[in-house]
Amino acid sequence: MATYKLKNFKKILPELVQGEVIQAGAFAMPPGGMKRQMMGGAFGVIGQVVAAKGKGTAGSFELPRRFILGLTNQRLLFVKPDALLGRPKSILYAIPVNQIASGGLGDKGAMSQQAVFALKSGEQVIVEVGKVRVKAWMVDLLEKLQPMLTA
Numbered sequence: 275m276a277t278y279k280l281k282n283f284k285k286i287l288p289e290l291v292q293g294e295v296i297q298a299g300a301f302a303m304p305p306g307g308m309k310r311q312m313m314g315g316a317f318g319v320i321g322q323v324v325a326a327k328g329k330g331t332a333g334s335f336e337l338p339r340r341f342i343l344g345l346t347n348q349r350l351l352f353v354k355p356d357a358l359l360g361r362p363k364s365i366l367y368a369i370p371v372n373q374i375a376s377g378g379l380g381d382k383g384a385m386s387q388q389a390v391f392a393l394k395s396g397e398q399v400i401v402e403v404g405k406v407r408v409k410a411w412m413v414d415l416l417e418k419l420q421p422m423l424t425a
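Taken in order, the sequence shown gives residues 275 to 425; the numbers are from the numbering used here.
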């Protein structure tokens, strides 16, 4: 099982609450992010500029075109990556694990798959992950989330 390198989260450690420990991480995009990225490549420099400026929503969260999900023993974090290496830089949003009803993989596309987090409030937070290694990171995150939901 592929696991995201947890040492990459070192820049956000001061933002964690006392007793919070990083469990897993995965790159993600708002829904439609992969399609936007592919279109950017297809239309040359102008398309790449348009794709790079994209933002999206996941539930009620407005997110950058790329972000990192981090799972701690207490929260699901939406983390902004640094521009140079794409490592976690700062926490954008956090959802307490006790507010998450379920998490799992959803709809598939040719190049990506959705991950769906259903909140106890009835809201769904849907993100998109690329296939292969990035999807394996999301599967690892979801597997580590499951026992926390039943506790």
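Every residue gets a Cβ at the ideal spot worked out from N, C-alpha and C, and that includes glycine. If you're wondering where the values come from, they're calculated on a predicted model, not measured in any experiment.
Tell me the rounded alpha-carbon separation between residue i and residue j.
{"i": "P370", "j": "D381", "result": "25 Å"}
{"i": "K279", "j": "G299", "result": "8 Å"}
{"i": "L423", "j": "A375", "result": "7 Å"}
{"i": "A302", "j": "R340", "result": "6 Å"}
{"i": "M412", "j": "A389", "result": "8 Å"}
{"i": "A392", "j": "K418", "result": "16 Å"}
{"i": "P362", "j": "A368", "result": "14 Å"}
{"i": "V347", "j": "G360", "result": "Correcting the residue type first, residue 347 is Asn in the shown sequence and not Val. Approximately 23 Å between the Cα atoms of the pair."}
{"i": "I342", "j": "V353", "result": "5 Å"}
{"i": "P305", "j": "Q292", "result": "32 Å"}
{"i": "G378", "j": "L416", "result": "6 Å"}
{"i": "S334", "j": "V401", "result": "12 Å"}
Can you tell which of the options has the C-alpha that lies nearest to the C-alpha of residue i?
{"i": "M432", "options": "L366, K405, Q373 and V401", "result": "As shown, the chain starts at 275 and ends at 425. That puts residue 432 outside it, with no answer to give."}
{"i": "A276", "options": "K409, E402 and G383", "result": "K409"}
{"i": "P338", "options": "K394, G383 and D356", "result": "D356"}
{"i": "R349", "options": "Q297, K285 and K281", "result": "Q297"}
Can you name the residues that DSSP bridges to residue i?
{"i": "A276", "result": "Per DSSP, none; premise fails for A276."}
{"i": "G299", "result": "G344"}
Contact defined as beta carbons within less than 8 Å: I believe residue i pairs with residue j. What is the distance between those atoms, to the nearest angstrom?
{"i": "S395", "j": "E289", "result": "With a Cβ gap of about 24 Å, S395 and E289 do not count as contacting."}
Inset, instruction - Jot down the residue ranges of each uninterrupted alpha helix (DSSP H) in the region 344-424, minimum 4 residues, whole runs only, in chain order. - result: Counting only unbroken stretches of 4 or more residues, the alpha helix (DSSP H) elements lying wholly within the region 344-424 are 407-424, in sequence order.
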